[in-house]
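Trainee:
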Amino acid sequence: MCSVARIERFLDDWPRAEFGPAHVVLADANVDDSNLAWCAGLCRQWLGLEPRSSDPSEVKMWRDVGGWADHERVEIEATLAFLEDYALTPEAERIQPGDTLCSDAEATPNESPLARA
Numbered sequence: 000m001c002s003v004a005r006i007e008r009f010l011d012d013w014p015r016a017e018f019g020p021a022h023v024v025l026a027d028a029n030v031d032d033s034n035l036a037w038c039a040g041l042c043r044q045w046l047g048l049e050p051r052s053s054d055p056s057e058v059k060m061w062r063d064v065g066g067w068a069d070h071e072r073v074e075i076e077a078t079l080a081f082l083e084d085y086a087l088t089p090e091a092e093r094i095q096p097g098d099t100l101c102s103d104a105e106a107t108p109n110e111s112p113l114a115r116a
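Residue numbers (numbering that gives the first Met the number 0): 0 to 116.
1) My understanding is that residue 19 touches residue 94, with C-beta atoms under 8 Å, so please give their C-beta distance in whole angstroms.
2) Taking residue 89 as the reference, give the member of 67, 35, 68 with the closest Cα.
3) By the 10 Å Cβ neighbour count, where 16 or more other Cβ atoms means buried, how is residue 28 classified, buried or exposed?
4) Considering only the alpha carbon of each residue, which of 24, 16, 32, 33 lies closest to residue 71?
5) Looking only at DSSP bridge pairs, what is residue 99 linked to?
6) Look at the alpha carbon of residue 82 and the alpha carbon of residue 48, and state the distance between them as a whole number of angstroms.
7) Can residue 21 and residue 38 be called in contact, C-beta distance under 7 Å?
8) At the level of alpha carbons, what is the spacing between residue 62 and residue 31?
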């Protein structure tokens, strides 16, 4: 099971955000730069701050999730703010003692695979 305290604190205020455009970060604790940037981009697209991607896999994803139409604008705005703030923390410091990741089965509970890179 993955659990990152900083993400959990955000989800305490925005529990449905785990199922929105930032699910890769919020539900799966993929907290590297590329995942934070991708999810922030999806939030910006949802908010109309940038055009939607024309990449076929992303077009399919938007269709498959119904454009996350069941999520409120204020939630997506809060999610984007969280992602942008979290991205300011250096990658190697995003996972703290006591956090666990679900994306790296080889990591021990207090070890970040980002720190091993």
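Ideal Cβ placement from N, Cα and C applies to all residues, glycine included.
Mentor: Quick answer:
1) Not a contact, Cβ separation roughly 22 Å.
2) 35
3) buried
4) 16
5) 2
6) 15 Å
7) yes
8) 26 Å
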